[in-house]
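To start, the structure itself, in structure tokens.
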Amino acid sequence: MNKSILLAISAITFVVMSCSTTEKKETVVEDTAVTYDSTDFHTYAQKKDAYVTHLDWDAQVDFDTRIITATATWDFVNVSDTDTIVFDIVDLNISKVTLDNGQETGFKIGAAKPHMGAPLYIAVTPETKKVSITYQSSPSAGAVLWLNPQQTYGKKHPFMFTQSEAILARTWIPCQDSPGVKFTYNAKVKVPTDLLALMSATNPQEKNETGVYEFEMNQPIPSYLLALAVGDLEFGALGDRTGVYAEPGQLAASVHEFGETEKMVQIAEELFGKYAWERYDMLVLPPSFPFGGMENPRLTFVTPTIIAGDRSLTALIAHELAHSWSGNLVTNANWNDFWMNEGFTVYLERRIMDSLNGTDYSDMLSILGSQDLAFSLKDLPAEDTRLKLELKGRNPDDGMTDIAYEKGFFFLSMLKNEFGKKRMDDFLKQYFTDHTFKNITTEQFIVYMDSNLIGADSMKRPNLQIEKWIYEPGLPQNSPEFTSARFQRVGSSLKAWSDGAFSLDEIEVSEWSTNEWLQFIRKLPDTLNIDRYAELDNAYHFTQSGNNEILAIWLEKSIKAGYTKVDPAVEEFLIHVGRRKFLTPLYRALLEVDPSGTRATEIYTKARPNYHSVSTETLDKLLKYSL
Ligand code: BES
Ligand code: ZN
């Protein structure tokens with residue numbers, strides 16, 4: 020037994036680990052001295068001793084009990100001749116563990132901690148190549164949202180989906196739940212025959228009468244990219260290697276909305292190198308989906324709230340597609356390096372949008388991003404405004420803020436300004452090639468950048484303030500400024516109107532994109548009274564907007580301004596939409612105008628069953644809600 024595992028379990032009484040006993044082998048134990056893998060504090064797995072390389076998952080999805088019954092067979096490499104391989108689990112009911120010789124083996128479950136769940140220790144020998152874990156998930160598994168028919172678009176069939184990032188994969192599959200462990204997988208999943216199952220893998224394009232679907236993911240992925248969705252879904256092709264799945268009633272609108280996807284993949288390939296995952300499909304989820312999008316490989320999961328009818332919110336697709344390089348090919352080594360996933364992806368997203376819609380368009384996105392960044396810099400504790408995070412002992416979700424996204428983006432934009440677009444593009448392309456299917460820490464990136472980007476220009480380096488950007492709070496003074504003539508026009512029109520110099524029909528809005536509208540609403544002065552809100556609403560019908568980005572910011576501003584005409588729309592939105600990015604500011608606004616929280620809690624109580632655990636975790640805290 021190696022030392023760290025020994026340490027971990029010497030403090031407890033280890034029950035028999037012989038392969039021949041048949042009595043129930045599970046014992047829940049108090050482990051007082053677990054030593055974690057030193058590179059990732061959010062896993063119990065000890066990858067330096069034994070790490071997995073392939074998953075064979077055989078599962079049944081039961082909507083009545085909300086339970087997944089499965090066997091997960093893991094191939095692994097025993098690095099240190101350890102007699103124990105460690106997995107992460109949360110509330111999995113494990114009935115049996117066998118080795119590749121078919122014999123049952125002993126296993127133990129350590130004490131569970133909040134967010135982390137528990138370690139699952141399995142007895143192996145130096146010769147063991149596989150372990151098979153038979154288990155059931157809990158109906159309240161954090162990754163999974165089970166929706167009844169009423170919560171879907173079609174209202175006839177139930178729906179379920181998973182969201183594994185950051186550390187929720189362990190709530191539905193026993194795994195080494197660290198971004199630093201990559202594996203291939205195949206799966207066989209049985210679902211009710213009227214539903215289709217999809218995963219982050221090769222996917223069926225139509226239902227079959229058996230309800231059994233098979234999947235393969237032949238490129239190595241980390242556990243946070245494991246994903247499953249089951250529902251009444253149909254496929255619509257976009258291009259030869261791109262398509263979209265949606266509920267039948269939403270398919271045509273989805274096909275139209277995402278019509279630019281093939282072009283985006285081409286642009287991305289030109290910029291960053293060959294697309295490594297063969298197909299790029301998207302799945303439109305019910306509005307309960309807690310994110311805008313999730314970059315599950317081969318099958319991005321997206322919120323239906325980006326279906327605006329005019330393709331105006333598809334920067335989100337550019338973002339999830341860009342993760343096919345930053346994140347999915349080259350992965351943050353642990354959650355402290357989260358900006359290596361998201362900051363890079365925002366940078367890539369805006370490079371794609373620059374090619375697709377022009378620099379004046381992507382610059383508007385950057386300015387809106389800089390406003391989000393300014394808000395986060397004010398709102399967060401200083402130590403959480405560093406790019407390199409310190410999340411040890413915390414929920415990694417605490418680090419998933421606009422700092423990673425926007426400060427990361429501004430850092431990379433600063434480098435682009437220093438070295439030029441061409442050199443930065445070439446550097447990134449090479450970076451993806453050199454790190455394909457690997458992980459990266461912030462520190463490894465700095466070394467790589469020093470030799471491959473800064474190189475001979477090392478006299479420039481001190482001025483770049485790299486360490487300040489990465490290890491210190493706040494925003495260094497060499498952060499780039501973006502300007503936008505289009506936003507300047509918005510600003511002067513808004514000023515002229517709010518000063519009373521202009522009437523609304525004197526503002527020329529016919530060419531405005533969603534970005535201009537967002538800027539316009541965000542910049543409404545705090546002094547504006549409710550009559551002027553009504554005037555805007557009469558002219559532009561914001562309260563009825565089918566564009567959820569516009570609607571969300573309008574509702575937020577209106578709540579704060581006391582424009583109560585939006586009240587029914589606020590309630591309807593909060594009950595219908597589960598996307599955390601929209602929910603948090605709206606509930607905060609409700610709390611601001613009614614600090615007792617009565618109204619917020621009243622709505623939340625109705626809406627909560629529609630939300631995924633990612634959203635309820637945040638909102639329970641905000642609203643001090645307990646069941
Ligand atoms: N990977 C993220 C979503 C995520 C982040 C899940 C952290 C779990 C933990 C995804 O790529 C993302 O960034 N989504 C954004 C899209 C936006 C930046 C265009 C979202 O959902 O709003
Ligand atoms: Zn992202």
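Under the numbering used here, read the sequence shown as residues 20 to 646, first letter to last.
A virtual CB, placed ideally from N, CA and C, is assigned to each residue, including glycine.
All values reported here derive from a predicted model rather than from experimental measurement.
- Distance from L304 to A341 at the Cβ level is roughly 20 Å; contact not present, criterion being Cβ atoms closer than 8 Å.
- DSSP places T147 in no beta strand (DSSP E); its state is neither H nor E.
- Taking 8 Å as the cut-off, the Cβ atoms of T203 and S151 do not count as close.
- G474 counts as exposed, since fewer than 16 other C-beta atoms from the protein chains shown sit within 10 angstroms of its C-beta.
- Per DSSP, reduced to three states, the secondary structure at H275 is helical.
- Going by DSSP, P239 is part of the beta strand (DSSP E) stretching over V231 to P241.
- In the same chain as L410, and ignoring 5 residues on each side of it, the C-beta atoms closer than 6 Å to its own belong to W354, N355 and G418, in chain order.
- In the structure shown, T455 adopts coil according to DSSP, grouped into three states.
- Along the length of the region 313 to 344, whole alpha helix (DSSP H) runs at least 4 residues long occupy 334 to 341, reported in chain order.
- A contact between stretches requires three or more CB pairs, one per stretch, nearer than 8 Å, and the region 63 to 77 meets this requirement with the region 95 to 113.
- Distances taken from the Cβ of E611 to the heavy atoms of the ligand ZN include none shorter than 7 Å.
- In chain order, the residues with a C-beta atom nearer than 7 Å to some heavy atom of the ligand ZN are E314, H338, E339, H342, G346, N360, E361 and T364.
- H73: member of the beta strand (DSSP E) spanning A69 to D81, first to last residue.
- Distances between the C-beta of G161 and the heavy atoms of the ligand BES are all 7 Å or more.
- Judged by their CB atoms, L375 and E253 are not nearer to each other than the 8 Å cut-off.
- For the ligand BES, no non-hydrogen atom lies closer than 7 Å to the CB of M283.
- In this structure, L166 is the residue among K174, R618, L166 and G328 with its C-alpha nearest to the C-alpha of D83.
- Bridge pairing for A216: V249 [DSSP].
- The straight-line gap separating the alpha-carbon atoms of N458 and L399 is approximately 28 Å.
- Annotation: the continuous beta strand (DSSP E) that includes D300 extends over Y299 to V303.
- Nearest neighbour of I128 by Cα position, chosen from D119, A142, N120 and E368, turns out to be A142.
- Secondary structure within the region 94 to 128: not one fully enclosed alpha helix (DSSP H) run of 4 or more consecutive residues is present.
- With a beta-carbon spacing of about 6 Å, I578 and L609 fall inside the 8 Å limit used to define contacts.
- Per DSSP, G427 is not a residue of any beta strand (DSSP E); the alpha helix (DSSP H) it occupies stretches across G427 to F438.
- Separation of K643 and V109 (C-alpha to C-alpha, rounded to the nearest whole angstrom) is 24 Å.
- The C-beta distance from I489 to T461 rounds to 6 Å, short enough to meet the 8 Å contact threshold.
- If you draw a straight line from the Cα of F363 to the Cα of I569, it is about 26 Å long.
- Under the three-state reduction of DSSP output, I578 falls in the helix class.
- The DSSP-derived three-state label of I422 is helix.
- Around the C-beta of D251, 16 or more other C-beta atoms lie within 10 Å, and the residue is accordingly described as buried.
- In the three-state scheme derived from DSSP, where H, G and I count as helix and E and B as strand, P138 is classed as strand.
- In the DSSP assignment, the residues bridged to G262 are A256 and D300.
- Secondary structure note for M468: it is in no beta strand (DSSP E), and the uninterrupted alpha helix (DSSP H) holding it is T461 to M468.
- For M135, the Cβ stays outside the 7 Å cut-off from all heavy atoms of the ligand BES.
- With contacts defined as CB atoms closer than 8 Å, K226 and L215 qualify as a contacting pair.
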